[in-house]
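This report refers to the structure that appears directly beneath it.
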Amino acid sequence: MKDAAVFLQHIRDAIARIEVYTAAGRRAFLSDTMVQDAVIRNLEVIGEAVRNLPIDLRRRHPKIPWRSITALRNVLIHEYFGVDIDIVWRVVERRLPTLKRHVVLMLKKSSQAR
Numbered sequence: 003m004k005d006a007a008v009f010l011q012h013i014r015d016a017i018a019r020i021e022v023y024t025a026a027g028r029r030a031f032l033s034d035t036m037v038q039d040a041v042i043r044n045l046e047v048i049g050e051a052v053r054n055l056p057i058d059l060r061r062r063h064p065k066i067p068w069r070s071i072t073a074l075r076n077v078l079i080h081e082y083f084g085v086d087i088d089i090v091w092r093v094v095e096r097r098l099p100t101l102k103r104h105v106v107l108m109l110k111k112s113s114q115a116r
């Protein structure tokens, strides 16, 4: 199994890509299906990386909604035909900044522990 830091890096990198893709704002996001697809793909990556994080790491960070993240991944992958793009935007706008802060801190602690 990969080191947890690798999965945290995947999460951080996917968030960074989403930030680039959505930099033009909500209106641009809602009007561009290619950007929507790119964002959704990276949310799937985040969800998959979270699923692969060790359970003890997730337990040490109970403020992060791990189950919600993997549940979103499941919806995006298995119920793709029913994805509400407004909900996707809200996740990008309201949830990813907090997740990014937590992941960056976890990576910093991980690198200091080595």
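Add 2 to a position in the sequence shown, counting from 1, and you land on the number used in the numbering used here. In this text, a Cβ means the ideal position worked out from N, Cα and C, and glycines have one as well.
- With respect to the C-alpha of alanine 51, the residue from Trp91, Arg61, His63 and Trp68 having the closest C-alpha is Trp68.
- The three-state secondary structure of histidine 80, taken from DSSP, is helix.
- The beta carbons of valine 93 and leucine 10 sit no closer together than 7 Å.
- Within the same chain, and ignoring the five residues on either side of isoleucine 13 in sequence, the residues whose Cβ sits closer than 6 Å to its Cβ are Ile48, Ala51 and Val105.
- With at least 16 other beta carbons inside 10 angstroms of its own, alanine 16 counts as buried.
- Under the DSSP assignment, proline 99 falls in the alpha helix (DSSP H) whose first and last residues are 98-115.
- Distance from the Cα of arginine 103 is smallest, within the candidate group Val77, Ala30, Thr24 and Ala18, for Ala18.
- For a cut-off of 8 Å, the C-beta gap from isoleucine 42 to leucine 78 is around 5 Å, short enough to register as a contact.
- The C-beta of phenylalanine 83 has fewer than 16 other C-beta atoms within 10 Å across all chains shown, which makes the residue exposed.
- Remark: C-beta atoms of asparagine 54 and isoleucine 20 do not approach each other more closely than 7 Å.
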